[in-house]
Amino acid sequence: MTSMVLSALVATSFGLQQTDLRQRLVDRGAAPEFAQQVAQVVAGARTSGLPVEPLTDKAFEGLAKGYTAERILPVVQLLADRLRAGRTAAVSAGLTQPSGRIVAAAAEALGRGMERTEVVDVLRAAPGPDAASVGLTVAASLVAQGIASRDATRAVATAYREGRSAQELLELPSVTSSWFAEGVTLPEVVKRIHEGQALPFPPGRAAGRGVVPGLRPGTGPPIAPPGKTGTKPNRP
Amino acid sequence: MRAALLWGVLVMGTPALVPAQQVSALVGGVSARYADSISGSAALVGGRLRYARGGTRGDVETSVARFTSGEWAAQLGAQGVFARSVTRHDAVGLAVGGSFNKLEAGIWSATAAAGPFLARAAGNVTASVSLSGGWARTVDSSAFATGTASLGTRYERGRWRLESVAVGTAADTLRLLDWTVVAGWRTPAVSVAGLGGVRSGDLASDPWWQLRAEVAIAPWAALETALGQYPRDLTGFTSGRFATLGMRIDIRKGPPVPVRGTDAFRAERLGAARVRVTLQLDGARSVAVAGEWNDWVPTPMRRDASGRWTAVLGLRPGVYRCALLVDGARWVAPPGALTTDDDFGGEVGLLIVPEA
Numbered sequence: 001m002t003s004m005v006l007s008a009l010v011a012t013s014f015g016l017q018q019t020d021l022r023q024r025l026v027d028r029g030a031a032p033e034f035a036q037q038v039a040q041v042v043a044g045a046r047t048s049g050l051p052v053e054p055l056t057d058k059a060f061e062g063l064a065k066g067y068t069a070e071r072i073l074p075v076v077q078l079l080a081d082r083l084r085a086g087r088t089a090a091v092s093a094g095l096t097q098p099s100g101r102i103v104a105a106a107a108e109a110l111g112r113g114m115e116r117t118e119v120v121d122v123l124r125a126a127p128g129p130d131a132a133s134v135g136l137t138v139a140a141s142l143v144a145q146g147i148a149s150r151d152a153t154r155a156v157a158t159a160y161r162e163g164r165s166a167q168e169l170l171e172l173p174s175v176t177s178s179w180f181a182e183g184v185t186l187p188e189v190v191k192r193i194h195e196g197q198a199l200p201f202p203p204g205r206a207a208g209r210g211v212v213p214g215l216r217p218g219t220g221p222p223i224a225p226p227g228k229t230g231t232k233p234n235r236p
Numbered sequence: 237m238r239a240a241l242l243w244g245v246l247v248m249g250t251p252a253l254v255p256a257q258q259v260s261a262l263v264g265g266v267s268a269r270y271a272d273s274i275s276g277s278a279a280l281v282g283g284r285l286r287y288a289r290g291g292t293r294g295d296v297e298t299s300v301a302r303f304t305s306g307e308w309a310a311q312l313g314a315q316g317v318f319a320r321s322v323t324r325h326d327a328v329g330l331a332v333g334g335s336f337n338k339l340e341a342g343i344w345s346a347t348a349a350a351g352p353f354l355a356r357a358a359g360n361v362t363a364s365v366s367l368s369g370g371w372a373r374t375v376d377s378s379a380f381a382t383g384t385a386s387l388g389t390r391y392e393r394g395r396w397r398l399e400s401v402a403v404g405t406a407a408d409t410l411r412l413l414d415w416t417v418v419a420g421w422r423t424p425a426v427s428v429a430g431l432g433g434v435r436s437g438d439l440a441s442d443p444w445w446q447l448r449a450e451v452a453i454a455p456w457a458a459l460e461t462a463l464g465q466y467p468r469d470l471t472g473f474t475s476g477r478f479a480t481l482g483m484r485i486d487i488r489k490g491p492p493v494p495v496r497g498t499d500a501f502r503a504e505r506l507g508a509a510r511v512r513v514t515l516q517l518d519g520a521r522s523v524a525v526a527g528e529w530n531d532w533v534p535t536p537m538r539r540d541a542s543g544r545w546t547a548v549l550g551l552r553p554g555v556y557r558c559a560l561l562v563d564g565a566r567w568v569a570p571p572g573a574l575t576t577d578d579d580f581g582g583e584v585g586l587l588i589v590p591e592a
């Protein structure tokens with residue numbers, strides 16, 4: 001009896017959610033038929049236990065950017081397929097009930113060209129669920145910059161195994177991006193990543209150095225002219 | 237002369253022997269005028285090695301100069317830092333440094349020091365405190381122990397940085413306190429810094445100032461110039477003025493200092509769930525930011541006095557896909573942001589909201 005009541009409640013809630021999504025899409029300018037199609041994709045994903053936020057987000061993004069329904073719907077469907085693959089990868093990594101964020105991040109990583117085994121490597125190296133989704137996002141971002149997926153995977157997995165935090169890892173794409181902006185070649189960027197140059201210790205990196213542009217007491221003048229020294233030492 | 241030659245070999249040959257990541261050579265000239273009106277000009281050849289890996293960083297800089305009067309002088313300076321993060325915001329470590337100055341007449345001076353430091357970063361501000369103990373040898377051949385305590389603060393915002401460093405020094409019978417303030421501005425191609433300093437206690441001198449600039453003229457070369465004043469120092473040099481101009485040539489280029497975000501696009505935490513997003517977008521009449529946090533409903537951005545566009549968003553730490561709506565018609569990824577495909581043939585930016 002209890003399970004029947006629960007089922008009824010879930011079904012009612014589910015129906016309300018569907019109606020709500022359709023209405024929100026229509027309110028944003030979508031045709032009712034398109035809204036219905038998106039809602040069906042979302043319903044299928046929800047039934048499969050997949051996170052639906054990435055799907056609705058993709059639909060809203062497409063609408064906001066002015067794409068047609070014919071363009072948006074295949075993208076949403078493709079993303080649903082990726083989410084399924086992402087969840088499979090997460091389960092392969094030993095996560096029996098992966099969170100929606102992890103599944104979404106895994107789907108993103110797969111969508112950027114990472115292999116399932118690479119996604120699994122990152123998930124296994126991450127110290128926790130939040131770190132896992134950040135690691136996948138970072139790896140996908142590196143791949144989007146042109147770095148081979150195996151190199152991106154190795155960089156993220158190694159960083160986690162060395163005890164780096166997710167917050168530190170978020171620095172990685174910024175650093176590689178700045179290298180590319182400076183004209184550093186891809187092989188050199190990969191080499192630097194593997195040497196650990198992309199993740200120096202984060203806080204206080206400048207403060208301890210005391211690097212001040214100029215002279216400090218005891219360092220002498222920029223150049224000592226001959227005959228200058230030894231004649232009037234400033235010793236007391 | 238033979239010693240000068242040996243030093244030259246050291247200057248130019250060391251890069252091949254040391255596992256430095258960044259190696260550069262400097263060719264230029266220097267002119268200095270001292271408090272007692274003795275002046276000298278010299279042609280200068282130098283080398284610099286830099287190494288950075290994990291929490292270990294080091295610089296070695298050396299030069300040999302031949303004066304217009306025929307004599308030569310050589311200088312060597314080195315510093316290294318071995319640091320380790322102890323929390324997300326704190327680091328501790330050991331800093332070492334030293335210098336060596338030698339003149340043709342066999343006169344030389346040197347300093348060496350090492351000590352621990354503690355640094356804490358909070359937002360754009362980094363504060364540090366350090367102690368050091370060392371040794372100095374003066375040009376008149378006396379030597380004594382030295383000790384310093386310093387307190388530094390550094391503030392960075394966009395292309396600007398502001399530093400304040402107070403250093404108390406005890407050396408033999410000398411007691412002095414130096415306070416320097418540095419303001420710097422840099423782009424990928426240009427770096428400008430100005431320094432002002434005052435001293436109280438022994439070896440008192442007038443306040444001093446220095447200006448330094450580097451301009452990249454090619455991916456492998458930059459012009460460097462500096463001028464200003466310097467104070468008396470522990471090893472026997474009086475105060476004076478100097479001007480240098482040279483070209484630095486990268487022989488091997490290493491990694492830049494990593495930055496969080498970019499100058500063009502950054503997110504600052506204002507509270508547990510509030511973030512100020514700032515970006516530079518020239519030529520736009522209106523800018524709105526949209527993303528996965530609110531069904532891609534554009535939030536208008538406001539242009540501040542410096543010309544940057546800002547908006548305050550209700551976001552918790554994380555990574556968010558986002559894009560800009562420019563002039564109400566054009567969607568673009570935020571300039572300078574990390575980007576990824578939007579699956580529609582375009583790009584979206586990744587907005588990284590750091591933890592507190």
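Chains as they are written, first to last, in my numbering: chain V, 1 to 236; chain B, 237 to 592.
No residue lacks a Cβ here, since even glycine has one placed at the ideal position from N, Cα and C.
Nothing here was measured: the structure is a model prediction, and the numbers come from that model.
Requested in this report: Could you list which residues in chain A have their beta carbon closer than 7 Å to that of residue 396 (chain B), in chain order?
Outcome: No chain A appears in this structure, whose protein chains are V and B.
*So which residues on chain V does residue 532 (chain B) lean against when the C-beta distance must stay under 7 Å?*
Below the 7 Å Cβ cutoff, chain V contributes 60, 61 and 64 as neighbours of residue 532 (chain B), in chain order.
Given a cut-off of 9 Å on the beta-carbon distance, is the pair residue 158 (chain V) and residue 125 (chain V) in contact?
Yes.
Checklist entry - Any C-beta of chain V sitting closer than 9 Å to the C-beta of residue 567 (chain B)? => result yes
At least one CB of chain V closer than 9 Å to the CB of residue 286 (chain B): is that the case? False, the Cβ-Cβ gap to chain V never drops below 9 Å.
query = DSSP three-state call for residue 184 (chain V): helix, strand or coil?
reply = coil
So residue 373 (chain B) is in the beta strand (DSSP E); what residue range does that whole segment cover?
-> 361 to 373
Q.
Short of 6 Å in beta carbon distance, which residues of its chain neighbour residue 340 (chain B), apart from the five on each side in sequence? Order them along the chain.
A. 307 and 308
Within 9 Å (strictly less), CB to CB, does residue 140 (chain V) reach chain B?
-> yes
Count the other CB atoms, across all protein chains shown, that sit within 10 Å of the CB of residue 433 (chain B); report buried if there are 16 or more and exposed otherwise. buried
(request) Consult DSSP for residue 72 (chain V) and reduce its assignment to one of helix, strand or coil. (result) helix
CA-to-CA distance, residue 588 (chain B) to residue 497 (chain B), given in whole angstroms = Interpretation of residue 497 (chain B) is limited by its pLDDT of 41, a score under 50 that renders its predicted location unreliable; no figure is taken from the coordinates.
(request) From the DSSP output, read off the bridge partner residues of residue 61 (chain V). (result) Answer by DSSP bridge pairing: none, since residue 61 (chain V) is not bridged.
How would you write the range of the beta strand (DSSP E) that residue 48 (chain V) sits in, first residue to last? Boundaries cannot be given for residue 48 (chain V), as no beta strand (DSSP E) includes it and DSSP labels it neither H nor E.
Nearest to residue 371 (chain B) by alpha carbon, out of B:566, B:471 and B:536?
Selected option, being the one with the closest Cα: B:471.
(Q) Suppose the cutoff is 6 Å on Cβ atoms and the five residues either side in sequence are ignored; what does the same chain contact list for residue 141 (chain V) look like? (A) 173
Tell me the residue span of the beta strand (DSSP E) that contains residue 295 (chain B).
For residue 295 (chain B), the uninterrupted beta strand (DSSP E) run begins and ends at 292 to 303, by DSSP.
Practice problem: Following the continuous alpha helix (DSSP H) through residue 142 (chain V), name the residue where it begins and the one where it ends. | Solution: 129 to 144
query = Do the segment 55 to 74 of chain V and the segment 27 to 41 of chain V make contact, defined as three or more Cβ pairs closer than 8 Å?
reply = Output reads yes: the segment 27 to 41 of chain V touches the segment 55 to 74 of chain V.
Which word fits residue 191 (chain V), buried or exposed, when buried means at least 16 other C-beta atoms lie within 10 angstroms of its C-beta?
Burial call: exposed.
Q | C-alpha distance - residue 475 (chain B) paired with residue 466 (chain B), whole-angstrom precision | A | 6 Å
Query raised in the report: Which residues in the same chain as residue 520 (chain B) place their Cβ atom closer than 7 Å to its Cβ, once the five residues preceding and following it in sequence are excluded?
Result: 562 and 563
field: Within-9 Å CB hit, residue 495 (chain B) to chain V
entry: For residue 495 (chain B), the predicted structure reports a pLDDT of 33, less than 50, and the residue's modelled location is therefore unreliable. A value from the coordinates is still provided. Yes, because at least one Cβ of chain V sits closer than 9 Å to the Cβ of residue 495 (chain B).
In this structure, does DSSP put residue 28 (chain V) in helix, strand or coil? The answer is coil: DSSP assigns residue 28 (chain V) none of H, G, I, E or B.
* Asked: If we ignore side chains and look at the alpha-carbon of each, how far apart do residue 297 (chain B) and residue 110 (chain V) end up?
  -> 47 Å
**Q.** Local Cβ density within 10 Å of residue 347 (chain B), reported as buried at 16 or more and exposed below that
**A.** buried
ask   = How many angstroms separate the CA atom of residue 551 (chain B) from the CA atom of residue 76 (chain V)?
value = 25 Å
What residue from B:426, B:421 and B:412 has the CA that sits closest to residue 435 (chain B)'s CA?
-> B:412
- Could you tell me whether any Cβ in chain B is nearer than 9 Å to the Cβ of residue 173 (chain V)? yes
Expressed to the nearest angstrom, what Euclidean distance is found between the alpha-carbon atoms of residue 448 (chain B) and residue 283 (chain B)?
-> 18 Å
Check your understanding: Under 9 Å between C-beta atoms, does residue 588 (chain B) make it to chain V?
Key -> yes
Discussion item. Since residue 546 (chain B) and residue 510 (chain B) should fall inside the 8 Å C-beta cutoff, what is the C-beta to C-beta distance between them, to a whole number of angstroms?
Written reply: The Cβ separation is near 13 Å, so there is no contact.
task = Would you list the residues sitting across from residue 483 (chain B) in a DSSP beta bridge?
result = DSSP, once it has assigned bridges, lists B:263 and B:459 as partnering residue 483 (chain B).
Does any residue of chain V bring its CB to less than 9 Å from the CB of residue 481 (chain B)? No - not a single Cβ of chain V is within 9 Å of the one on residue 481 (chain B).
Residue 373 (chain B) to residue 380 (chain B) span [Cα, whole Å] = Roughly 7 Å between the two C-alpha positions.
Using a Cβ cut-off of 9 Å (strictly closer), state whether residue 574 (chain B) contacts chain V.
-> The Cβ of residue 574 (chain B) sits closer than 9 Å to at least one Cβ of chain V.
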